[in-house]
Amino acid sequence: MQNIISLAKRRGFIFPGSEIYGGLAGTWDYGPMGVLLKNNVKSRWWRDMVQMRTDIVGVDAAIIMNPRAWEASGHTQAFTDPLVECKLCHRRFRSDKEEQVKEHEQEHGGTTEWTDPKTFNLLVKTYLGVVENNQALAYLRGEITNGAQVNFKNIVNSSRVRVPFGIAQIGKAFRNEITPGNFTFRSIEFEQMEVQFYIKPEEREGERWFEYWKQNRMDWYLGLGMKKENLRFRDHAPDEISHYAKAATDIEYHAPFGWSEFMGIHHRGDWDLKRHQEYSGEDMTYRDPDTGEEFIPWDIETSAGVDRSVLFLLIDAYRQEENRVVLGLHPALAPFQVAVFPLVRNNEMIVKKAQELFGMLQPRFMTDWDDRGNVGKRYYAQDEIGTPFCVTVDHQSLEDGTVTVRDRDTMLQDRVKMEELPKYLQERIYGE
Ligand code: ATP
Numbered sequence: 346m347q348n349i350i351s352l353a354k355r356r357g358f359i360f361p362g363s364e365i366y367g368g369l370a371g372t373w374d375y376g377p378m379g380v381l382l383k384n385n386v387k388s389r390w391w392r393d394m395v396q397m398r399t400d401i402v403g404v405d406a407a408i409i410m411n412p413r414a415w416e417a418s419g420h421t422q423a424f425t426d427p428l429v430e431c432k433l434c435h436r437r438f439r440s441d442k443e444e445q446v447k448e449h450e451q452e453h454g455g456t457t458e459w460t461d462p463k464t465f466n467l468l469v470k471t472y473l474g475v476v477e478n479n480q481a482l483a484y485l486r487g488e489i490t491n492g493a494q495v496n497f498k499n500i501v502n503s504s505r506v507r508v509p510f511g512i513a514q515i516g517k518a519f520r521n522e523i524t525p526g527n528f529t530f531r532s533i534e535f536e537q538m539e540v541q542f543y544i545k546p547e548e549r550e551g552e553r554w555f556e557y558w559k560q561n562r563m564d565w566y567l568g569l570g571m572k573k574e575n576l577r578f579r580d581h582a583p584d585e586i587s588h589y590a591k592a593a594t595d596i597e598y599h600a601p602f603g604w605s606e607f608m609g610i611h612h613r614g615d616w617d618l619k620r621h622q623e624y625s626g627e628d629m630t631y632r633d634p635d636t637g638e639e640f641i642p643w644d645i646e647t648s649a650g651v652d653r654s655v656l657f658l659l660i661d662a663y664r665q666e667e668n669r670v671v672l673g674l675h676p677a678l679a680p681f682q683v684a685v686f687p688l689v690r691n692n693e694m695i696v697k698k699a700q701e702l703f704g705m706l707q708p709r710f711m712t713d714w715d716d717r718g719n720v721g722k723r724y725y726a727q728d729e730i731g732t733p734f735c736v737t738v739d740h741q742s743l744e745d746g747t748v749t750v751r752d753r754d755t756m757l758q759d760r761v762k763m764e765e766l767p768k769y770l771q772e773r774i775y776g777e
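Just add 345 to wherever you are in the sequence shown, counting from 1, and you've got my numbering.
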């Protein structure tokens with residue numbers, strides 16, 4: 346874990362939030378490499394969930410909503426964690442996280458005294474309005490789900506979607522986490538990517554789509570090259586299932602700090618639409634235009650953390666070899682897809698040719714340029730940030746227009762014609 350945190354800092358993936366002021370617990374800033382990686386994760390997700398499907402449409406709802414929406418969804422009441430306080434040092438822990446409780450007891454030599462569990466609401470409050478004493482309480486959304494649910498009718502009425510269909514969304518959520526930690530794993534501000542998938546309210550349909558989304562999500566992470574042995578399903582026990590769900594499964598990742606929740610697949614039934622109907626007075630009934638059937642659909646949700654995805658992708662991709670550190674990220678997710686090097690920086694012709702090549706690749710791929718030191722050092726630096734291909738322009742390039750393409754994982758080199766390079770890279774990065 347220490348290796349990941351130090352690489353993340355050193356190479357500009359993730360920094361502690363407002364670090365020069367001593368930081369703010371549970372907040373993180375993404376640096377030049379981190380923002381590229383994170384954007385790639387989100388756009389890959391959007392591509393696979395929205396662009397490549399005909400049954401899912403997108404939404405981008407406001408972070409601050411009418412507070413009634415949070416009453417309807419049950420968050421003002423039930424969005425709580427049970428908390429115990431250590432009587433010796435007054436630090437607070439979630440009483441449902443037994444490992445953390447035990448770990449803390451170890452810090453006190455094996456035992457301590459705890460207060461009785463108290464519940465804390467995780468919603469982050471904010472106040473709207475400029476006039477002091479006359480401000481309205483609002484919440485920063487604790488999950489992005491509500492923004493999709495409240496737009497159910499708008500989306501049905503404004504697009505040609507038919508049940509079964511999904512609403513996809515990516516956006517920030519905020520939680521007053523009591524024990525933020527394990528790097529970005531539990532933050533107070535984080536991003537989620539979710540699909541609310543609406544189906545007919547029938548048991549068999551529910552089971553079928555629940556199984557479908559479980560497998561679909563697992564396959565997605567495997568398709569990004571994550572190691573199978575580091576991923577598993579964990580079904581929620583009946584006493585653990587959230588207030589809104591009929592069934593729930595997590596995909597867990599085998600992190601250095603133990604098996605940890607990566608994302609959730611939740612059978613939410615008609616909880617959300619019914620509650621919003623009740624609290625808003627808006628009829629949420631869906632009418633099938635072909636069959637005339639009327640019903641309030643059930644919702645199968647897949648909810649993943651963007652930050653947890655970035656963290657687990659980094660951990661999964663990190664490997665230390667004899668002479669180098671490699672981030673074996675999927676080529677489409679790596680911050681840079683390709684780096685261009687002039688073999689030497691003091692040969693005008695070579696530099697000019699390399700610049701030409703850089704100009705050709707830049708509009709198509711996130712392309713890095715490096716002319717420092719020797720080529721070996723540049724490879725080392727690119728391996729560490731996961732760049733799948735390094736292209737070197739050398740003396741031969743001036744004669745026959747070919748360049749050397751070096752593969753991050755095999756370290757093998759190919760000689761490719763410059764004009765064929767975009768196609769060559771496209772196939773290897775995106776598989777198309
Ligand atoms: P946990 O049990 O770890 O607190 P949760 O069950 O409350 O998570 P959900 O409400 O199901 O999580 O949220 C869906 C996803 O959002 C999680 O699987 C995770 O990837 C992400 N997520 C939730 N809370 C956080 C957080 N504090 N920091 C980063 N990501 C989070």
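Backbone N, C-alpha and C fix where the C-beta goes; we use that ideal spot for every residue, glycine too.
Residue i, enclosing beta strand (DSSP E) - first and last residue
{"i": "residue 758", "result": "758 to 762"}
{"i": "residue 593", "result": "592 to 600"}
{"i": "residue 648", "result": "643 to 650"}
{"i": "residue 778", "result": "A question about residue 778 goes unanswered here, because the residues of the chain that appear run from 346 up to 777."}
{"i": "residue 541", "result": "534 to 544"}
{"i": "residue 605", "result": "603 to 614"}
{"i": "residue 497", "result": "Taken as a continuous stretch (DSSP letters only), residue 497 belongs to no beta strand (DSSP E), being part of the alpha helix (DSSP H) at 497 to 503."}
{"i": "residue 572", "result": "Taken as a continuous stretch (DSSP letters only), residue 572 belongs to no beta strand (DSSP E), as it is neither H nor E."}
{"i": "residue 446", "result": "Per DSSP, residue 446 belongs to no beta strand (DSSP E); it is in the alpha helix (DSSP H), 443 to 452."}
{"i": "residue 481", "result": "481 to 485"}
{"i": "residue 471", "result": "469 to 473"}
Pair within 8 Å by beta-carbon distance, residue i and residue j
{"i": "residue 763", "j": "residue 746", "result": "yes"}
{"i": "residue 489", "j": "residue 371", "result": "no"}
{"i": "residue 491", "j": "residue 418", "result": "yes"}
{"i": "residue 563", "j": "residue 586", "result": "no"}
{"i": "residue 386", "j": "residue 678", "result": "yes"}
{"i": "residue 433", "j": "residue 457", "result": "yes"}
{"i": "residue 601", "j": "residue 660", "result": "yes"}
{"i": "residue 662", "j": "residue 685", "result": "no"}
{"i": "residue 374", "j": "residue 358", "result": "no"}
{"i": "residue 726", "j": "residue 739", "result": "no"}
{"i": "residue 569", "j": "residue 658", "result": "yes"}
{"i": "residue 632", "j": "residue 639", "result": "yes"}
Cβ neighbours of residue i in the same chain (closer than 6 Å, five flanking residues each side left out)
{"i": "residue 750", "result": "734, 736, 759, 761"}
{"i": "residue 646", "result": "541, 611, 613"}
{"i": "residue 649", "result": "538, 608"}
{"i": "residue 694", "result": "743"}
{"i": "residue 390", "result": "538"}
Counterpart residues of residue i in DSSP-defined beta bridges
{"i": "residue 434", "result": "Looking at the DSSP assignment, residue 434 forms no beta bridge with any residue, so it has no partner."}
{"i": "residue 639", "result": "632"}
{"i": "residue 463", "result": "428"}
{"i": "residue 665", "result": "670"}
{"i": "residue 359", "result": "375"}
{"i": "residue 354", "result": "DSSP output for residue 354 lists no bridge partner at all."}
{"i": "residue 367", "result": "BP columns for residue 367 are empty, so no partner."}
{"i": "residue 713", "result": "684"}
{"i": "residue 526", "result": "531"}
{"i": "residue 737", "result": "686, 749"}
{"i": "residue 579", "result": "595"}
Residue-chain proximity (residue i, chain B), Cβ-Cβ < 8 Å
{"i": "residue 484", "result": "Given the protein chain composition of this structure (a single chain), no chain B is represented."}
Opening and closing residue of the alpha helix (DSSP H) in which residue i lies
{"i": "residue 745", "result": "740 to 745"}
{"i": "residue 706", "result": "693 to 706"}
{"i": "residue 555", "result": "548 to 568"}
{"i": "residue 720", "result": "720 to 730"}
{"i": "residue 773", "result": "766 to 775"}
{"i": "residue 492", "result": "490 to 494"}
Cut-off 7 Å between Cβ atoms - residues of its own chain near residue i, not counting five sequence neighbours on either side
{"i": "residue 494", "result": "541, 617, 618, 621"}
{"i": "residue 506", "result": "402, 500"}
{"i": "residue 654", "result": "386"}
{"i": "residue 393", "result": "565"}
{"i": "residue 362", "result": "368, 369, 372, 373, 374"}
{"i": "residue 487", "result": "420, 424, 467, 468, 518, 519, 520"}
{"i": "residue 412", "result": "482, 483, 484"}
Cβ shell of residue i (< 8 Å), same chain only, five flanking positions each side left out
{"i": "residue 531", "result": "371, 522, 524, 525"}
{"i": "residue 629", "result": "497, 498, 618, 619, 621, 622, 641"}
{"i": "residue 436", "result": "430, 449"}
{"i": "residue 464", "result": "425, 426, 427, 428"}
**Report entry** Whole runs of the beta strand (DSSP E) within the stretch 371 to 415, excluding any shorter than 3 residues
**Finding:** 373 to 375, 401 to 403
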